[in-house]
Amino acid sequence: MTGLIVGALVAVAAVVIVSLPFLLRSDESDELQLTTSRGEARMALVEERDRALSALKELEFDHRTGKIDDVDYRELVGPLRRAAAAALQALDAVDADRS
Amino acid sequence: MAEVGRAALVVSFALALYACVAGTMAALGRERRLADSARNALVACFGSTLVAAAVLATALVRHDFTFEYVASHTSRDLPTIYSLTAFWGGEEGSLLLWLLVLTGYGALAVMLNRKLLSDLIVWVVPVIGGIATFFAFMLFAVASPFNTQTRAIDGAGLVPSLQNPYMVAHPPMLYLGYVGLTIPFAFAAGAMLSGQTDERWIVATRRWTLVAWMFLGFGQILGAHWAYVEVGWGGYYAWDPVENAALMPWLAATAFLHSVMIQERKGMLKVWNMVLVAFAFNLSLFGTFLTRSGVIESIHSFAKSSIGGWFLGMVVVSTLFSVALIIWRLPLLRARTKLESPLSREAAFLYNNLLFVALTLTIFWGEIFPILTQLFEGVSRTMGRPYFDFFLRVFGLPLVLLMGIGPLIAWRRTSVHALLNTLVWPIAAALAAGIALVIAGAGSSTPGLIAYTFSAFVLATIVLEFVRGTRATGSVFQLVSRNRRRYGGYIVHAAIVLFVIGVAGSSAYQTNEYRQLRPGDSTTLDGYHLTYNGLQRIASVSESGSQTQYRALLSFSGRAHGTLATSLIDSSSLGPSHQVGIHTNWLRAEDLYVILSQRLDGNAIRFEILVKPLVNLIWIAGYVFVFGSLVALWPDAQEQRRLVARLAFARG
Amino acid sequence: MARPIRSPARLVIALSVAAVLAVFLIYTALHGTTPSLQPSNLEGHAGTVALTGKVIGKVAGNADQTQGLRFRLHNINGASPVVPIVYHGSVPDLFKTGRDVNVTGELVNGKFMATAMTTKCPSKYTATAST
């Protein structure tokens, strides 16, 4: 008998937990706030910037620890800095666009 | 109480199904409340599964023999800890463990990421729900742990060799590993379903993958140690299908852990990463199918069971689903950049991946070969140990070498001259080590010598990295805590090297001989002088029958001094079994390993004596491996802030 | 300045896959694989094979002596032709009548001469009758 009661309680708890979002009142709209394609584009730019910046950071670290010699460093740092600058510029453009 | 368990599993099934169906509808129709509801269902599913697990655990501890499962796997005289761990001793219990871990991981992953990655999560929920539905279905309809019977007086008990601390930890660790691979898979599927195939899903699941991989790796080492100590044939891995079933997903996951680094930095290999994660996940399912269906001859004979067929079906469905998803999203997975040079870190990672996948496929081929030959030839043929050992060397040794070279190559490209510059010291170290080893006699085994030399090379590169890094940052602690991924990774590499040295030493350079001794006789083997002192005969009677233990006492001197005992146990109910005698010489990390092979006429005993150099490095490597993994996955507050900022910005 | 080479990655992958396949094919063709048989399909197979079955009847002899350990095997699932085994070597753990074993050896004059044997590790064993 206890078994049946406990089992029933579990089932009821499950139903309640599942129905909670429908029972609770909320001011949010029911539509899922998924990222828009504009947001996607922004996201891609931010990731581009972060990628460029961390590549630079890694290059600096590798240079400091002697893994990359001065010659290679000078050759590699230029393009990376330009890439980072370009990414930051693109982001600024989007920012300006936004405001 | 069994009804509670059964009811809880039915509820779990319903919740998992709801999470899958409602979650899909919510994602398609962009309905927030339905999506939240589906997500709640997944969490509740963990709750009800926990209830079922608690019921089984309680029944086991209380020796409730009205549960068929409890009666089959425990007995009254079984110590409580083993009664509890009998939970995963049988099929139904291990399925329940699987579902518990799956819903636990799933609920946690989904709740932690629900705000940050809501776009992904709306699709991750139905994927996890779908997988959970399968397991819950199996549990309530096909293999229930809650079948009852009229109360038995006592249970069947647990085989003595399984009553062992290793067997307490080994299965749950493996499960935390296997099942953990579901999370990155679910997120990958979610990424493809939602169309957000950038690095978000990788960054979110990186730690999950690491945790699963860590448990799976350590769990296997525990299993190997158990086999070495308990099963007592002198080895620790037999390329048995059940062992391979855990190794293959681990290898695929290792490849995946490396290749995601390329995607994070260069935006390349997106398709490859999707394929790899699906491969690793499906391998974990397939492995379970192989071991549970009885389709393959294995020394671990689980009863040929009905769940094998169901698992095969699930593997097929899951594989088709993964393939279809990847093909559908191929346009989105195009790389942004290309590989610039065959001598770059990206290329090194690529070679690493190819070798790992090649090794995985080799083992896979060896696993299914018997099935294929049975189908096509009518006779099943098995690949022997030499096949696996051969390919382990062919692919494994280059991998060791790459472990050393890879970290020293720069991203994008490195000039040959710069690379050789950095490699000068490690190569010198390796050559010196090689020469020293040949002088010390290691030339007797070429693969062994190569393994040792490559290991010396890699260790030198790792030390070099730490030295250089410490010089640049000032302290080792600072260095590691600011570059956790990288230096945690190096520690893991060091663990692998220790492992390789241990395996090479204990296989390529081991001594294994039979000696026939009478009480008082002595013999010498490889630096050890052993004397057989006498035999104890211990008879005992228990509920299950009678047994006689023949315990041989030996003393030894030479490279180490001491005594050891090794036994042959003759049980009327079980047959013969062995308890091997092991002496660990910590100074050399080597073991003196003695098996009481046979009792002969006239008081003589045939002993099998092994000297296994460096074998203990393998077990040490396991702990270093865990430590390195923990360093690599330790939370980094800065990284988290960056991710949050990125997403906040994207949202506007 | 190096310009991005047109996907050396693809070439590397293709060549590697081809190389691996070649190694596989050569290896499996050259190195013999061992047939895994049961007593029901052992008949006629020459050479070294692996035989899996259930130990039935009385076990006699001594694996250490010339006469060897003698026992009989039939299919694990159900009756079938019974194969007499003569085994020389170490007796593995848990060997007894009723156990499933795997032996490796050759069929010689109707008797299977085995030199290696492993027992299946039982995941559970049946209890003495419980009421």
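Protein chains in written order, with the working numbering: chain A, 1 to 99; chain B, 1001 to 1652; chain C, 2001 to 2131.
Here a beta-carbon is modelled for each residue, glycine too, at the ideal position from N, C-alpha and C.
Notebook entry, point to check: Which chain C residues sit within Cβ distance under 7 Å of M1383(B)?
Noted result: As a first step, residue 1383(B) must be located in the second sequence, where it is residue number 383. Simply T2033.
Next item on the list: Using a Cβ cut-off of 8 Å (strictly closer), state whether Q1598(B) contacts chain C.
Entry: In the second sequence, residue 1598(B) corresponds to position 598, counting from 1. Closer than 8 Å to some Cβ of chain C, the Cβ of Q1598(B) qualifies, so yes.
Note to self: Using only CA atoms, which one of T1446(B), I1435(B), A1041(B), T1414(B) lies nearest to M1346(B)?
What the structure shows: To locate residue 1346(B), count along the second sequence from 1; it is residue 346. The residue you asked about is not Met; residue 1346(B) is Glu in the sequence shown. Residue nearest to E1346(B) within the set T1446(B), I1435(B), A1041(B), T1414(B) is T1414(B) (criterion: CA-CA distance).
Check: Does the segment 1174-1184 of chain B come close enough to the segment 1217-1228 of chain B to have 3 or more Cβ pairs within less than 8 Å?
Finding: Contact between the segment 1174-1184 of chain B and the segment 1217-1228 of chain B is established, with three or more Cβ pairs separated by less than 8 Å.
Next item on the list: Would you grab the beta carbon distance between I1128(B) and A1186(B) for me? Rounded to a whole angstrom, and I think it's under 8 Å.
Entry: Locating residue 1128(B) in the second sequence gives position 128, where the first residue counts as 1. Locating residue 1186(B) in the second sequence gives position 186, where the first residue counts as 1. Correct: roughly 5 Å between the Cβ atoms.
Checklist line | Nearest-angstrom Cα separation, counted from R1484(B) out to Q1638(B) | finding: Position 638 of the second sequence, counting from 1, holds the residue named residue 1638(B). Position 484 of the second sequence, counting from 1, holds the residue named residue 1484(B). Roughly 12 Å separates the two Cα atoms.
Note to self: For M1319(B), report the span of its alpha helix (DSSP H) as first-last.
What the structure shows: The residue you call residue 1319(B) lines up with position 319 of the second sequence. Reading off the sequence, residue 1319(B) comes out as Thr, not Met. Taken as a continuous stretch (DSSP letters only), the alpha helix (DSSP H) holding T1319(B) covers 1307-1328.
Next item on the list: Kindly list, in the order they appear in chain B, the residues whose Cβ is closer than 7 Å to that of N2041(C).
Entry: Numbered from 1 along the third sequence, position 41 holds the residue referred to as residue 2041(C). The contacting residues are V1379.
Notebook entry, point to check: Distance, Cα to Cα, Y1236(B) vs E1092(B)?
Noted result: The residue you call residue 1236(B) lines up with position 236 of the second sequence. The residue you call residue 1092(B) lines up with position 92 of the second sequence. In a straight line, the C-alpha of Y1236(B) is about 27 Å away from that of E1092(B).
Notebook entry, point to check: What is the DSSP secondary structure of L1534(B), counted as helix, strand or coil?
Noted result: Locating residue 1534(B) in the second sequence gives position 534, where the first residue counts as 1. Checking the sequence, you will find Gly at residue 1534(B) rather than Leu. In this structure, G1534(B) counts as strand in the three-state DSSP scheme.
Margin query: Which same chain residues end up closer than 8 Å to A2114(C) when comparing Cβ atoms and leaving out the 5 residues on each side of it in sequence?
Written below: In the third sequence, the residue the question calls residue 2114(C) occupies position 114. So the qualifying residues of the chain are L2051, I2085, V2086, Y2087, H2088, G2089, V2103, T2104, G2105.
Check: Between the C-alpha atoms of L1574(B) and F2095(C), what's the straight-line distance to the nearest angstrom?
Finding: Locating residue 1574(B) in the second sequence gives position 574, counting from the first residue. Locating residue 2095(C) in the third sequence gives position 95, counting from the first residue. Near 8 Å, if we compare the C-alpha coordinates of F2095(C) and L1574(B).
Note to self: Taking CB distances under 8 Å as the criterion, tell me whether N1040(B) reaches chain A.
What the structure shows: Counting from 1 along the second sequence, the entry for residue 1040(B) is found at position 40. So yes, N1040(B) belongs to the interface.
Checklist line | Spatially closest choice to V1463(B) from A1440(B), A1430(B), V1438(B), by CA coordinates | finding: Within the second sequence, numbered from 1, the residue matching residue 1463(B) stands at position 463. Out of A1440(B), A1430(B), V1438(B), the CA that lies nearest to the CA of V1463(B) is found in A1430(B).
Notebook entry, point to check: Contact check, R1381(B) vs S2036(C) under 8 Å by CB: the rounded distance?
Noted result: Against the second sequence, residue 1381(B) aligns to sequence position 381. Against the third sequence, residue 2036(C) aligns to sequence position 36. Their Cβ separation, rounded to whole angstroms, is 6 Å, which keeps R1381(B) and S2036(C) in contact under 8 Å.
Check: Got a sec, what are the start and stop residues for the alpha helix (DSSP H) T965(B) sits in?
Finding: One cannot answer for residue 965(B) here, as it falls past the ends of chain B, which runs 1001 to 1652.
Margin query: In the DSSP output, what is M1261(B) paired with across the bridge?
Written below: Here residue 1261(B) refers to the residue found at position 261 of the second sequence. DSSP output for M1261(B) lists no bridge partner at all.
Next item on the list: Measure the alpha-carbon distance for R1385(B) versus V2049(C) and round it to whole angstroms.
Entry: In the second sequence, the residue the question calls residue 1385(B) occupies position 385. In the third sequence, the residue the question calls residue 2049(C) occupies position 49. Each residue's Cα considered, the two are about 14 Å apart.
Item checked: Backbone secondary structure at D2064(C) - three-state DSSP -> Within the third sequence, numbered from 1, the residue matching residue 2064(C) stands at position 64. Under the three-state reduction of DSSP, D2064(C) is assigned to coil, being neither helix nor strand.
Next item on the list: State the Cα-Cα distance for the pair G1366(B) and A41(A), rounded to the nearest angstrom.
Entry: Taking the second sequence and counting its residues from 1, one reaches residue 1366(B) at position 366. Taking the first sequence and counting its residues from 1, one reaches residue 41(A) at position 41. Going from the Cα of G1366(B) to the Cα of A41(A) covers about 47 Å.
Note to self: Short of 8 Å Cβ to Cβ, which residues in the segment 1395-1419 of chain B face chain A?
What the structure shows: Within the segment 1395-1419 of chain B, the residues whose Cβ lies closer than 8 Å to some Cβ of chain A are L1408, A1410, W1411, R1412, T1414, S1415, A1418, listed in chain order.
Next item on the list: Take S2130(C) and list the residues in its own chain whose beta-carbon comes closer than 7 Å to its own, dropping the five residues that flank it on each side.
Entry: Locating residue 2130(C) in the third sequence gives position 130, where the first residue counts as 1. Note that S2130(C) scores 26 on pLDDT, short of 50, meaning its location in the model is unreliable; the coordinates nonetheless yield the value given after this. Nothing meets the Cβ criterion.
Notebook entry, point to check: Assuming I1183(B) contacts T1205(B) under a Cβ cut-off of 8 Å, what Cβ separation, rounded to an integer in Å, is found between them?
Noted result: By one-based count along the second sequence, residue 1183(B) stands at place 183. By one-based count along the second sequence, residue 1205(B) stands at place 205. At roughly 6 Å, the Cβ-Cβ gap stays under 8 Å, so I1183(B) and T1205(B) are in contact.
Next item on the list: State yes or no: is the C-beta of L1564(B) within less than 8 Å of the C-beta of V1611(B)?
Entry: Here residue 1564(B) corresponds to residue number 564 of the second sequence, with the count starting at 1. Here residue 1611(B) corresponds to residue number 611 of the second sequence, with the count starting at 1. It is not a contact, given that the beta carbons lie outside the stated cut-off.
Note to self: Am I right that H1258(B) and F1349(B) are in contact with their C-beta atoms under 8 Å? What's the rounded C-beta distance?
What the structure shows: The residue labelled residue 1258(B) in the question sits at position 258 within the second sequence. The residue labelled residue 1349(B) in the question sits at position 349 within the second sequence. Right, their Cβ atoms sit about 5 Å apart.
Note to self: Residues of chain A with CB closer than 7 Å to the CB of T1422(B), please, in chain order.
What the structure shows: As a first step, residue 1422(B) is located in the second sequence; it is residue number 422 there, counting from the start. Per Cβ cutoff of 7 Å: K67.
Next item on the list: Would you kindly check if the distance between the Cβ of V2083(C) and the Cβ of V2055(C) is under 8 Å?
Entry: Position 55 of the third sequence, counting from 1, holds the residue named residue 2055(C). Position 83 of the third sequence, counting from 1, holds the residue named residue 2083(C). Contact flag unset, no.
Notebook entry, point to check: Taking the continuous alpha helix (DSSP H) assigned at T1236(B), which residues delimit it?
Noted result: Residue numbering aside, residue 1236(B) sits at position 236 when the second sequence is read from its first letter. For the sequence presented, residue 1236(B) should be read as Tyr rather than Thr. No alpha helix (DSSP H) contains Y1236(B), which DSSP labels as neither H nor E.
Note to self: I want to see whether chain B comes within less than 8 Å of F2112(C), judged by CB atoms only; does it?
What the structure shows: By 1-based counting over the third sequence, the position of residue 2112(C) is 112. F2112(C) is outside the set of residues whose beta carbon lies under 8 Å from a beta carbon in chain B.
Checklist line | Proximity to F1281(B) [Cα-Cα], best of A1027(B), M1314(B), M1268(B) | finding: Position 281 of the second sequence holds residue 1281(B). For the residues A1027(B), M1314(B), M1268(B), the minimum Cα distance to F1281(B) belongs to M1314(B).
Check: Should H1561(B) go down as buried or exposed, given a rule of 16 or more other Cβ atoms within 10 Å for buried?
Finding: As a first step, residue 1561(B) is located in the second sequence; it is residue number 561 there, counting from the start. Label assigned to H1561(B): exposed.
Checklist line | For P1519(B), three-class secondary structure by DSSP | finding: Residue mapping note: residue 1519(B) aligns to position 519 of the second sequence, counting from 1. Three-state DSSP puts P1519(B) in coil, outside helix and strand.
Item checked: Inter-residue CB distance, I1491(B) and V1615(B) (contact presumed, cutoff 8 Å) -> On the second sequence, residue 1491(B) is found 491 positions in, with the first residue counted as 1. On the second sequence, residue 1615(B) is found 615 positions in, with the first residue counted as 1. That pair is no contact at about 22 Å.
Next item on the list: Find the residues of chain B that neighbour L2037(C), judging by a C-beta separation of less than 9 Å, and give them in chain order.
Entry: Start at 1 with the first residue of the third sequence, and residue 2037(C) comes out as number 37. Residues of chain B passing the Cβ test: V1379, S1380.
Item checked: Element boundaries [alpha helix (DSSP H), containing E2043(C)] -> The count along the third sequence starts at 1 and reaches residue 2043(C) at position 43. Following the DSSP letters along the chain, one finds E2043(C) in no alpha helix (DSSP H), marked with neither H nor E.
Check: Between the beta-carbon of G1656(B) and the beta-carbon of A1191(B), is there less than 8 Å?
Finding: Since the displayed chain B opens at 1001 and closes at 1652, residue 1656(B) lies outside it and no answer follows.
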